[in-house]
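Asker:
Protein chains in written order, with this note's numbering: chain A, 1 to 498; chain B, 1 to 470.
#1: Enumerate, from N- to C-terminal direction, the unbroken alpha helix (DSSP H) stretches of 4 or more residues contained entirely within the region 160-218 of chain A.
#2: Where are the alpha helix (DSSP H) runs, 4 residues long or more, that stay fully inside the region 279-331 of chain A, in chain order?
#3: Work out the CA separation of residue 126 of chain B and residue 55 of chain B for me, nearest whole Å.
#4: Comparing C-alpha positions only, which one of A:37, A:5, A:32 and A:11 sits nearest to residue 297 of chain B?
#5: For residue 463 of chain A and residue 90 of chain A, I'd like the C-alpha separation in whole angstroms.
#6: In the DSSP assignment, the alpha helix (DSSP H) including residue 483 of chain B goes from what residue to what residue?
#7: Select from A:96, A:53, A:113 and A:92 the residue whose C-alpha is nearest the C-alpha of residue 84 of chain A.
#8: Note down, in chain order, all residues in the region 327-348 of chain B with a beta-carbon under 7 Å from any beta-carbon belonging to chain A.
#9: If you measure between the beta carbons of residue 55 of chain A and residue 145 of chain A, is that distance less than 8 Å?
#10: To the nearest angstrom, how far is the alpha carbon of residue 108 of chain B from that of residue 42 of chain B?
#11: Answer with yes or no whether the minimum CB distance from residue 130 of chain A to chain B is below 8 Å.
#12: Can you grab the Cα-Cα spacing for the pair residue 16 of chain B / residue 49 of chain B, in whole Å?
#13: One question on the structure: do residue 187 of chain B and residue 148 of chain B come within less than 8 Å of each other, judged by their Cβ atoms?
#14: Is the number of C-beta pairs between the region 12-32 of chain A and the region 405-412 of chain B that are closer than 8 Å three or more?
#15: Output, in sequence order along the chain, the residues in the region 186-208 of chain B whose CB is closer than 8 Å to any CB in chain A.
#16: Is DSSP giving residue 90 of chain A helix, strand or coil here?
#17: Pick helix, strand or coil for residue 90 of chain B, following the three-state DSSP scheme.
#18: When DSSP labels each residue in this structure, what does residue 419 of chain B get in the three-state scheme?
#19: If distances are taken between C-alpha atoms only, which option among A:228, A:225, A:295 and A:72 comes closest to residue 258 of chain A?
#20: Can you give me, in chain order, the residues of the region 375-396 of chain B that have a beta carbon less than 8 Å from any beta carbon in chain A?
#21: Measure the Cβ-Cβ separation of residue 6 of chain B and residue 58 of chain B and say whether it is below 8 Å.
#22: Determine, using beta carbons only, whether residue 321 of chain A and residue 279 of chain A come nearer to each other than 8 Å.
#23: To which residues of the same chain is residue 489 of chain A closer than 7 Å at the C-beta, ignoring the five residues directly before and after it?
#24: Helix, strand or coil, according to DSSP, for residue 313 of chain B in the structure here?
#25: Against chain D, with Cβ distances strictly below 8 Å, would residue 487 of chain A count as a contact?
#26: Name the DSSP bridge partner or partners of residue 225 of chain A?
#27: Of all Cβ atoms in chain B, is any one closer than 8 Å to the Cβ of residue 19 of chain A?
#28: Could you check whether residue 493 of chain A and residue 150 of chain A sit closer than 8 Å to each other, using their CB atoms as the reference points?
#29: So the alpha helix (DSSP H) residue 262 of chain A belongs to, where does it begin and stop?
#30: Please confirm whether residue 78 of chain A has its beta-carbon closer than 8 Å to some beta-carbon of chain B.
#31: Which class does residue 249 of chain B belong to by DSSP, given the choice of helix, strand or coil?
#32: To the nearest angstrom, report how far apart residue 78 of chain A and residue 323 of chain B are at their CA atoms.
#33: Would residue 436 of chain A and residue 411 of chain A qualify as a contact pair, given that the criterion is a beta-carbon distance under 8 Å?
#34: Going by Cα to Cα distance, which pick from B:31, B:112 and B:242 is closest to residue 45 of chain B?
#35: Secondary structure at residue 12 of chain A, three-state DSSP: helix, strand or coil?
#36: Below 7 Å between beta carbons is the criterion; list the residues of the region 441-460 of chain B that meet it against any residue of chain A, in chain order.
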């Protein structure tokens with residue numbers, strides 16, 4: 001029996017060794033990932049024990065505090081110290097930017113720059129140590145954003161007063177990539193998620209997640225829509241860049257209808273003829289003739305079209321601002337008939353409002369796409385700057401020659417009385433301010449509601465671009481009617497003109 | 001002349017008491033910077049309890065292993081310290097949230113249970129002078145064990161269910177609860193030992209050989225199948241997977257000691273795994289354990305309304321325990337500085353995570369080593385004793401401690417699926433404490449028997465033959 005006992009002792013030894021190895025794993029290796037788990041009540045509790053850094057919109061019209069931590073009076077704190085509650089003074093307006101910070105997880109800037117806001121960044125280690133030694137409370141660093149309170153307010157209110165359509169808009173500085181406004185509708189009030197009451201938080205969290213209108217979704221960067229005619233900026237750029245189309249004054253065949261190689265027909269909007277079927281490219285652009293650009297697309301070919309789109313930043317799944325941006329998609333097509341449809345922004349083309357803004361910004365910035373960003377600077381509690389963004393070029397979309405050619409076409413969209421956006425973004429609407437833009441009215445097979453998605457992408461002033469805007473209104477109808485006025489409001493607010 | 005080493009035991013007991021007193025004082029300093037209330041009272045009471053045990057051993061089992069008692073006392077004392085720490089959370093102006101499942105008098109009760117435990121310890125040593133006398137009561141104790149196991153299953157839920165857990169393992173009468181299965185553990189261990197000693201020759205008979213392993217004869221499978229069936233019934237009717245695994249594991253281990261046949265070990269393990277698998281498919285509460293084990297952090301599994309805490313049946317408790325251990329890290333937060341109150345019912349099955357949080361990996365490893373030593377001393381007694389019944393009983397009981405620690409610590413640290421079972425000596429509650437003290441008394445009795453020197457042979461210069469008695 002002793003032999004069996006010895007073997008059993010070995011079994012016991014193995015069990016204890018397994019336990020020891022496992023707790024070493026849990027407490028030694030897994031500890032940090034456990035600490036950052038969203039449901040960790042211990043960390044959740046700790047986050048109320050210190051003053052989390054503020055988020056500040058520091059662009060034109062700022063600075064404006066859009067998130068801060070405030071000491072709560074009269075709350076029975078477990079340790080007797082002050083406890084802090086997160087507060088978003090402007091609620092839903094800035095929600096797509098600030099995001100929220102709860103035990104269930106964080107989004108937006110709250111998540112992306114958590115290490116600064118929470119003061120856990122290695123660059124704050126010395127500061128934290130000094131605070132510890134001098135007995136001062138730990139404090140997070142504040143994050144200053146490029147967002148312009150003027151532009152953001154105009155953007156959110158424009159979406160809000162647009163009749164309840166799901167919509168999103170991004171405005172950025174074309175010469176730096178600094179994001180000036182980013183609004184999404186429907187939005188949510190992040191203050192609802194700052195409660196200390198776990199049960200209440202759970203209820204609100206579940207409600208928001210279950211809401212069919214998806215208020216938590218940041219449509220400006222994480223939802224894609226068919227670009228429709230706004231894609232003609234890319235198609236035109238491809239035509240000029242490849243030399244397949246000589247320039248804006250070259251004539252191009254624009255029959256109504258256009259019979260595609262596979263026998264299907266492609267029509268212009270409302271089946272209208274386009275300057276007798278032989279327009280200059282610039283004329284086809286300002287009227288937004290589908291058949292003309294379908295022809296340009298087929299001249300360039302599917303792969304050429306895709307490579308041009310990629311140079312504008314499409315199909316980039318690694319873009320962060322610092323939030324992850326969903327890629328705008330243009331598939332690689334070799335079939336000529338499908339290329340024709342893709343080249344007018346239909347078929348499987350999908351775009352985010354941010355990419356729409358980048359398309360216009362590239363044209364405005366002599367063909368250079370600047371990397372879009374939100375972070376202006378990070379300031380430690382002692383006001384030293386811990387980080388800041390230096391603008392950088394993301395891609396070269398087109399040559400500056402092509403950029404100015406496409407830009408001249410975009411100016412005609414609003415300035416020519418026949419231009420699709422003459423009434424809503426041209427002299428009748430904005431007087432002497434010259435906006436260069438392109439409308440899009442995308443057939444949205446996904447929505448199925450029969451209403452088209454309205455798209456408008458533009459920059460202004462045309463002679464000295466300071467702001468580029470991309471707007472998409474889901475089910476809004478005509479791009480010129482539903483989307484362009486939103487962009488105009490933002491531009492006017494930002495430039496301070498009326 | 002071999003020595004009883006009782007002075008060594010006393011010295012180590014003093015050390016154990018000192019560790020416990022320091023830990024207790026540490027709780028007070030950690031919580032509010034002051035010496036804790038009750039340091040003198042609890043300290044004296046604990047020292048007295050331990051001394052009583054020591055003098056009983058001097059009198060009743062002078063040759064017993066000198067390590068077993070100090071190890072048990074240290075664990076019991078640390079358990080009291082942690083229960084006091086948890087009781088004070090959010091009470092008397094201390095930081096933290098009050099744990100509603102702990103009363104203000106829980107520590108006092110735990111000290112009282114410790115006294116009762118030591119009383120049981122002394123009683124076992126007093127009444128059982130030789131472990132093998134228990135062999136006479138093999139079937140009586142077997143029947144008692146089964147009845148103890150069955151009582152909660154047949155009682156109405158309101159008497160037998162631990163509120164909110166679905167586990168029907170207790171008898172609640174007027175605010176006082178006992179868990180009969182704890183006592184059943186000892187009764188069944190005696191039964192297994194007695195039965196296996198009687199049948200081991202038959203069970204060891206080989207049947208056919210398959211893959212190099214001697215399979216037992218089919219007709220000898222009866223006992224293992226019955227034990228398996230009982231453990232499955234426990235699992236199904238009392239939702240008590242941990243105890244079911246513990247008893248079956250103890251039985252299989254003892255069968256292995258008795259027969260030395262690896263085949264029994266394999267058959268037992270296979271039976272248990274297949275039983276658990278089928279049960280997990282048939283009964284949702286068993287299946288849920290696997291889901292929670294594999295995906296504890298999935299939000300649907302994690303969240304449960306924290307008030308009342310006792311109503312958590314999801315992985316909330318497991319995850320909170322893991323978070324606690326994570327916060328503890330290598331060195332722990334220090335006693336009184338952690339937040340173990342986030343873990344529901346932390347004073348019971350999850351007490352090891354509270355140690356992990358406040359004493360860290362270091363403290364937890366030390367405590368596991370204490371358990372390991374306890375098991376090792378028990379197995380050593382089993383090896384040393386000559387009587388097969390005592391050998392089997394001591395081996396089975398020592399293995400049972402190891403298995404119990406493995407099941408619960410492995411469960412709370414996500415090594416294996418979590419099954420509710422008490423942590424020996426540490427978890428709050430009298431039944432477990434009483435049983436474990438009685439178990440240690442049995443091990444000490446076995447080691448006393450083993451180490452007791454044989455009566456001196458009668459030496460006579462004129463005779464060449466030495467007569468050895470016993």
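Using N, Cα and C, we set each Cβ at its ideal position, and we do this for glycine too.
Answerer: The short version:
#1: Taken in chain order, the complete alpha helix (DSSP H) segments of 4 or more residues contained in the region 160-218 of chain A are 198-210.
#2: You should have 281-287, 290-300 and 302-311.
#3: When rounded, the distance between both Cα atoms is 12 Å.
#4: Checked all of A:37, A:5, A:32 and A:11; the closest Cα to residue 297 of chain B is A:37.
#5: Rounded to the nearest whole angstrom, the C-alpha separation of residue 463 of chain A and residue 90 of chain A is 34 Å.
#6: Outside the shown range of chain B (1 to 470) lies residue 483 of chain B, about which nothing can therefore be said.
#7: It is A:53 whose Cα lies nearest to the Cα of residue 84 of chain A.
#8: Against chain A - using a Cβ distance shorter than 7 Å - the residues of the region 327-348 of chain B are 327, 328, 329, 330, 339 and 342.
#9: Closer than 8 Å, so yes.
#10: C-alpha separation (whole angstroms): 8 Å.
#11: No, no contact with chain B.
#12: Straight across, the Cα-Cα distance linking residue 16 of chain B with residue 49 of chain B is about 13 Å.
#13: Less than 8 Å divides the Cβ of residue 187 of chain B from the Cβ of residue 148 of chain B.
#14: Three or more Cβ pairs drawn from the region 12-32 of chain A and the region 405-412 of chain B lie within less than 8 Å of each other, which places the two stretches in contact.
#15: Within the region 186-208 of chain B, no residue has a Cβ that lies closer than 8 Å to any Cβ of chain A.
#16: Of the three classes helix, strand and coil, the one that applies to residue 90 of chain A here is coil, per DSSP.
#17: Three-state DSSP puts residue 90 of chain B in coil, outside helix and strand.
#18: Secondary structure of residue 419 of chain B (DSSP, three-state): coil.
#19: Scanning A:228, A:225, A:295 and A:72 for the CA closest to the CA of residue 258 of chain A turns up A:295.
#20: For the region 375-396 of chain B, residues whose beta-carbon sits nearer than 8 Å to a beta-carbon of chain A comprise 375, 376, 379, 382, 383, 388, 391, 392 and 395.
#21: Against a cut-off of 8 Å, the Cβ pair of residue 58 of chain B and residue 6 of chain B comes out as a contact.
#22: For residue 321 of chain A and residue 279 of chain A, no; Cβs fall outside 8 Å.
#23: Counting only residues of its own chain and dropping the five nearest sequence neighbours on each side, residue 489 of chain A has a CB closer than 7 Å to the CB of 154 and 158.
#24: Unreliable positioning characterises residue 313 of chain B in this predicted model, as indicated by a pLDDT of 47, which lies under 50. A coordinate reading is not provided.
#25: Absence of chain D from the displayed structure is noted, the protein chains being A and B.
#26: The partner list for residue 225 of chain A (beta bridge, DSSP) reads A:351.
#27: A Cβ of chain B is located within less than 8 Å of the beta carbon of residue 19 of chain A.
#28: Between residue 150 of chain A and residue 493 of chain A, the C-beta gap is smaller than 8 Å, which places the two residues in contact.
#29: Premise fails: residue 262 of chain A is in no alpha helix (DSSP H) and is neither H nor E.
#30: Because the pLDDT of residue 78 of chain A is 45, which lies under 50, any placement of that residue in the model is unreliable, and the number read from its coordinates should be weighed accordingly. With 8 Å as the cut-off, residue 78 of chain A counts as an interface residue toward chain B.
#31: Helix.
#32: Any reading at residue 78 of chain A must be qualified, since the residue scores a pLDDT of 45, below 50, and its modelled position is unreliable; the value itself is stated next. Taken atom to atom, the span from the alpha-carbon of residue 78 of chain A to that of residue 323 of chain B is near 18 Å.
#33: Between residue 436 of chain A and residue 411 of chain A, the CB-CB gap stays under 8 Å.
#34: Ranking B:31, B:112 and B:242 by Cα distance to residue 45 of chain B puts B:112 first.
#35: Shown here, residue 12 of chain A sits in a helix according to DSSP, grouped into three states.
#36: For the region 441-460 of chain B, there are no residues whose beta carbon sits under 7 Å from a beta carbon of chain A.
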